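One line per chain: the protein sequences are E and W, in this order. Numbering-wise, the first sequence is residues 7 to 185 according to the numbering used here. Numbering-wise, the second sequence is residues 21 to 629 according to the numbering used here. Where is the CB? At the ideal position from N, CA and C, for every residue including glycine. Quantities reported herein were computed from a predicted structural model and do not represent experimental measurements. Working notes, beginning with the structure itself.
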Amino acid sequence: MGRGSAYGVGENDFATLRLAWFPDPAWITGYGGLDHSHFPFRLQGREGPPLHVLMIEDDPAIAEMYRLQFEHDGYRVSVATTGDLGVSAMSGSAPDVVLLDLLLPDRSGFEVLTVLNERFPNHPPVVILSNYGEPSMIDKGMSLGAVEYLVKSRVTPAEISGQIPLWVERGRRGGKADS
Amino acid sequence: MTLAATIAQDLTAAAFVALGAAIAYHWYRERARTQGKLALALISLGAVAAIGRLQDPGRPSPVVTAVTLVLFVASGYFVLLFRDEFIPLSRPARRGANLLLVVSIAVVVLDATVFANADPLVVLAIQLELVTAWAIFTGEPIARFWLASASLPAVQKIRLRFLSFGFGVLILLLFVAVLGGAALRTPAAILVTQLLALAVVPAIYVSFAPPPLLRRIWRMSEENAVGAAMQDLLIFSPSRQVLAERAAFWAVRLVGATSGFIVDADGNVIASTGIERERAADLAANRVRLQDGAGDIVRVPLHLSEGRGYLAVVGGPYTPVFGSEEVAQLKAYANSVSAGLERARVTERIAAIEKNKSQFLNLASHELRGPITVLRGYVSMLEAGLLGQLNERGRKATAVMAAKVSEMNELIEEMIESARLEEGGLTLRPVDSDLRDITREAAEMVSPLLDRKHPFVLDLPERPVRVKVDPERTKTIVANLLSNAIKYSPRGGRITCQVRSRAGIAKVAVTDHGLGISGDDMVTLFTRFGRVITPETAHLKGTGLGLFLGRQLARLQGGDITVTSVAGEGSTFSLQLPASGALETSPLAQPGMARRVDGEEALPEADAI
């Protein structure tokens with residue numbers, strides 16, 4: 007009988023609790039473990055101009071919040087509030103990574119991604135940030151070539167910011183998720 | 021031998037007379053209009069038999085003989101009229117039959133007048149004409165009855181077949197008697213033919229007025245089929261529409277009608293069978309009448325909550341009479357149909373409400389994800405000092421906000437999961453796993469909740485416990501059980517988590533010594549939003565979704581969650597899953613199998629500790 011192996015007795019502190027209640031598949035199928043400790047907040051030892059992040063996001067509160075974090079971490083940020091603006095922003099100064107919302111006023115994020123695939127075959131890596139975590143939507147996003155599908159409420163701005171260099175790197179390697 | 025033949029002749033005649041009398045009496049009592057013709061046919065036949073025996077064979081009276089022969093021809097003609105009543109004759113056929121009747125009566129009259137004492141050949145011709153006429157009058161209907169009976173319910177079928185059999189034998193006997201000549205006048209031949217004729221009497225009687233016992237026996241073969249159909253109808257019909265259609269179909273089958281329809285309380289035809297919906301609507305609104313010769317239309321009321329509808333069956337050419345028995349049967353059937361329709365309506369309403377609720381839950385929870393993202397994001401940035409340094413009170417406030425936002429996020433995730441579960445959109449990704457690893461990880465997840473008051477014992481077996489499950493979701497179930505154990509033992513106490521595998525069932529049992537659950541509250545424990553609220557638990561937070569989701573997720577994976585508990589002493593919640601290598605259809609896969617909610621035999625381990 008393997009009786010024993012008592013667990014450490016900690017403090018009942020809810021703030022430190024990170025229970026992954028009913029995890030979204032986005033969480034499971036993606037990279038293993040977004041955690042503050044794993045990623046630096048700033049790009050360290052990187053030469054050249056700052057990475058350019060294009061956010062296609064219609065909710066100004068969310069866009070502003072991410073901008074705050076990203077700029078703090080040393081990225082250049084531009085925001086497009088509709089899908090069309092997002093597509094036209096691609097033809098100007100090409101961003102290094104695109105954060106794409108799915109619910110946009112003019113068209114869906116999937117449509118935007120499809121247009122990007124057609125018009126800019128070598129477009130930078132696209133990360134989908136959505137309020138929906140349905141497996142069917144994740145599958146669709148990934149099959150359209152997104153490098154990552156994240157449910158917004160599951161990740162903090164710092165966690166996203168920390169991932170950006172990895173996505174850029176993955177985009178440069180020309181691969182999608184390394185699964 | 022001669023004496024035996026005479027006795028047989030007397031007996032047969034007496035039997036036919038008795039048959040006629042019995043049918044006359046039966047008919048008088050029942051007044052079944054449509055059976056009148058058949059009754060007249062049989063009464064005439066009885067009269068023919070009676071007169072035949074009462075007359076002195078040595079000195080036959082021409083008038084009596086003529087009357088007997090007319091009665092004889094008439095008995096055949098009545099059978100044809102009976103057939104006409106429920107399988108209408110075509111116009112030429114009716115004209116031909118009437119002509120035949122007139123010719124036959126003329127032949128009888130001639131026989132009694134002009135051809136009295138004519139030579140035997142003429143007599144034979146006359147006899148042949150009469151017997152042939154009778155054979156045509158009765159033979160065509162009985163052939164029709166026999167064919168029509170194939171598609172009818174058991175009782176009608178057997179009744180018609182007995183009738184066909186009886187008249188068929190009579191026709192045969194008459195021809196044999198006329199054509200057989202001297203060979204058949206031997207006492208032995210008479211004895212045989214008379215006994216055969218005698219056998220016909222009960223056959224015809226039961227066909228006309230089958231005793232209840234016989235009907236029950238005949239119906240027995242069909243009762244199982246109808247019973248199964250009724251159960252299918254009332255319990256398993258997916259919708260009210262389908263139920264109504266099946267009900268109409270079986271109503272028609274039940275009484276052997278050709279078509280039927282069901283009219284709802286609002287007057288609309290909701291189902292029809294054997295008849296077009298538009299025509300049924302016309303019939304229902306009395307806009308058209310049935311064609312001549314078609315059978316009756318019988319309506320029995322359906323008592324529905326919105327008012328009164330009705331079930332109608334329409335008789336057609338092949339439909340036997342709708343008697344009181346059929347109507348009574350139909351009424352009993354209609355009651356079941358009413359109940360079924362009511363149940364279907366309630367079920368449909370509940371399903372619609374459920375669907376709305378799920379949609380609302382889904383929509384609301386996704387809408388909530390937006391604001392929570394912003395709250396959570398800013399709080400995390402505040403905590404990280406990205407928005408400027410906070411003083412001590414600010415940091416404390418931020419920590420509380422962070423905790424509350426996480427809690428809210430958790431609730432939203434539970435709502436989404438629950439909505440997804442009900443919409444069937446939940447996809448499990450089962451992989452071969454070791455239940456010990458899953459349990460260990462779940463224990464790690466809840467370890468921050470543990471404190472000095474709650475000694476925790478993780479009891480794992482030495483050998484792997486192989487299960488094929490979705491590891492993340494299974495971990496969630498176990499973590500939920502563990503956090504419940506901690507949450508609902510506010511005064512502390514040992515928490516034991518035991519993993520075992522026995523008889524194809526892998527089990528994680530979580531035991532606490534907390535508040536426990538009383539028998540009454542067990543019912544709501546696994547329902548959605550079904551939190552057990554008592555003075556001790558009122559201040560504890562939760563959506564009441566955890567156990568509901570846990571059990572649903574367990575069942576989706578072929579397992580279940582069971583509980584034993586004693587109020588005030590503690591509870592044991594067990595997650596049971598089919599162990600790998602066990603049969604695909606685990607006994608646990610059947611809901612309700614392993615539900616033990618009796619508090620009596622609770623906590624065997626508790627005594628040991």
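Buried or exposed for residue i, please, with buried defined as at least 16 other CB atoms from any protein chain shown within 10 angstroms of its CB.
i                : result
Pro101 (chain E) : buried
Phe281 (chain W) : buried
Ser585 (chain W) : buried
Asp627 (chain W) : Low per-residue confidence applies at Asp627 (chain W): pLDDT is 34, beneath 50, and the placement is therefore not dependable enough to give any value.
Thr133 (chain W) : exposed
Asn500 (chain W) : buried
Met240 (chain W) : exposed
Asp1 (chain E)   : As shown, chain E starts at 7 and ends at 185. That puts residue 1 (chain E) outside it, with no answer to give.
Leu535 (chain W) : buried
Gly329 (chain W) : buried
Tyr48 (chain W)  : exposed
Leu194 (chain W) : buried
Gly313 (chain W) : Here Gly313 (chain W) scores only 44 on pLDDT, less than 50, and its place in the model is too uncertain to base an answer on.
Arg369 (chain W) : exposed
Lys177 (chain W) : buried
Asp490 (chain W) : buried
Thr162 (chain E) : buried
Lys527 (chain W) : buried
Taking the alpha carbon of residue i as the reference point, which residue from the options has its own alpha carbon closest?
i                : options                                : result
Ile146 (chain W) : W:Thr158, W:Val123, W:Pro161           : W:Val123
Ala168 (chain W) : W:Thr278, W:Pro140, W:Leu192           : W:Thr278
Lys377 (chain W) : W:Ala94, W:Gly405, W:Met435, W:Leu407  : W:Met435
Asp90 (chain E)  : E:Pro111, E:Glu154, E:Ile134           : E:Pro111
Ala38 (chain W)  : W:Arg49, W:Leu62, W:Leu109             : W:Leu62
Lys57 (chain W)  : W:Ile210, W:Asp139, W:Ile497, W:Phe228 : W:Phe228
Gly294 (chain W) : W:Ala285, W:Gly335, W:Asp452           : W:Gly335
Tyr155 (chain E) : E:Ser149, E:Pro163, E:Ile144, E:Val85  : E:Ile144
Gly513 (chain W) : W:Glu589, W:Met421, W:Asp139, W:Phe165 : W:Glu589
Val59 (chain E)  : E:Val83, E:Thr88, E:Val161, E:Glu77    : E:Val83
Ser325 (chain W) : W:Leu263, W:Arg363, W:Gly186, W:Gly579 : W:Arg363
Ile497 (chain W) : W:Val283, W:Lys375, W:Thr88, W:Phe593  : W:Phe593
Ile191 (chain W) : W:Ala153, W:Val226, W:Gly72            : W:Ala153
Pro108 (chain W) : W:Pro161, W:Leu233, W:Ile156, W:Ala155 : W:Pro161
What is the rounded straight-line gap between the Cα of residue i and the Cα of residue j?
i                : j                : result
Thr158 (chain W) : Ala359 (chain W) : 45 Å
Gly200 (chain W) : Phe92 (chain W)  : 20 Å
Gln379 (chain W) : Thr393 (chain W) : 22 Å
Ser292 (chain W) : Thr367 (chain W) : 22 Å
Ile43 (chain W)  : Leu172 (chain W) : 24 Å
Gly414 (chain W) : Arg396 (chain W) : 16 Å
Ile125 (chain W) : Thr213 (chain W) : 27 Å
Gly78 (chain W)  : Thr26 (chain W)  : 15 Å
Asp471 (chain W) : Asn504 (chain W) : 14 Å
Val320 (chain W) : Ala268 (chain W) : 12 Å
Leu100 (chain W) : Ala170 (chain W) : 20 Å
Gln169 (chain E) : Pro56 (chain E)  : 15 Å
Ala95 (chain E)  : Thr516 (chain W) : 58 Å
Ala587 (chain W) : Lys507 (chain W) : 15 Å
Glu412 (chain W) : Lys375 (chain W) : 49 Å
Ala348 (chain W) : Asp284 (chain W) : 21 Å
Beta carbon of residue i, beta carbon of residue j: below 7 Å?
i                : j                : result
Val84 (chain W)  : Val151 (chain W) : no
Ala223 (chain W) : Phe182 (chain W) : yes
Ala632 (chain W) : Ala86 (chain W)  : Past the boundaries of the shown model lies residue 632 (chain W); chain W is included only from 21 to 629, so the question cannot be answered.
Ala271 (chain W) : Val318 (chain W) : no
Ile432 (chain W) : Leu402 (chain W) : no
Val466 (chain W) : Leu502 (chain W) : yes
Ser438 (chain W) : Leu565 (chain W) : yes
Glu461 (chain W) : Lys495 (chain W) : yes
Val121 (chain E) : Gly139 (chain E) : no
Leu455 (chain W) : Val530 (chain W) : no
Leu65 (chain W)  : Ser110 (chain W) : no
Val93 (chain E)  : Met61 (chain E)  : no
Trp238 (chain W) : Val175 (chain W) : yes
Those runs of the beta strand (DSSP E) which lie wholly inside the stretch 74-156 of chain W and span at least 3 residues: Complete beta strand (DSSP E) runs here, min 3: none at all.
query: Which ranges does the alpha helix (DSSP H) cover as unbroken runs of at least 4 residues, wholly within the stretch 72-153 of chain E, from first to last along the chain?
result: For the stretch 72-153 of chain E, whole alpha helix (DSSP H) runs of length 4 or above, ordered along the chain, are 89-97, 115-125, 141-149.
task: With 7 Å as the C-beta to C-beta threshold (strictly closer), list the residues of the stretch 376-390 of chain W near chain B in chain order.
output: Here the protein chains are E and W, and chain B is not one of them.
Secondary structure, beta strand (DSSP E): runs of 3+ residues fully inside the stretch 449-530 of chain W: The stretch 449-530 of chain W contains these whole beta strand (DSSP E) runs: 451-454, 476-479, 486-489, 515-522.
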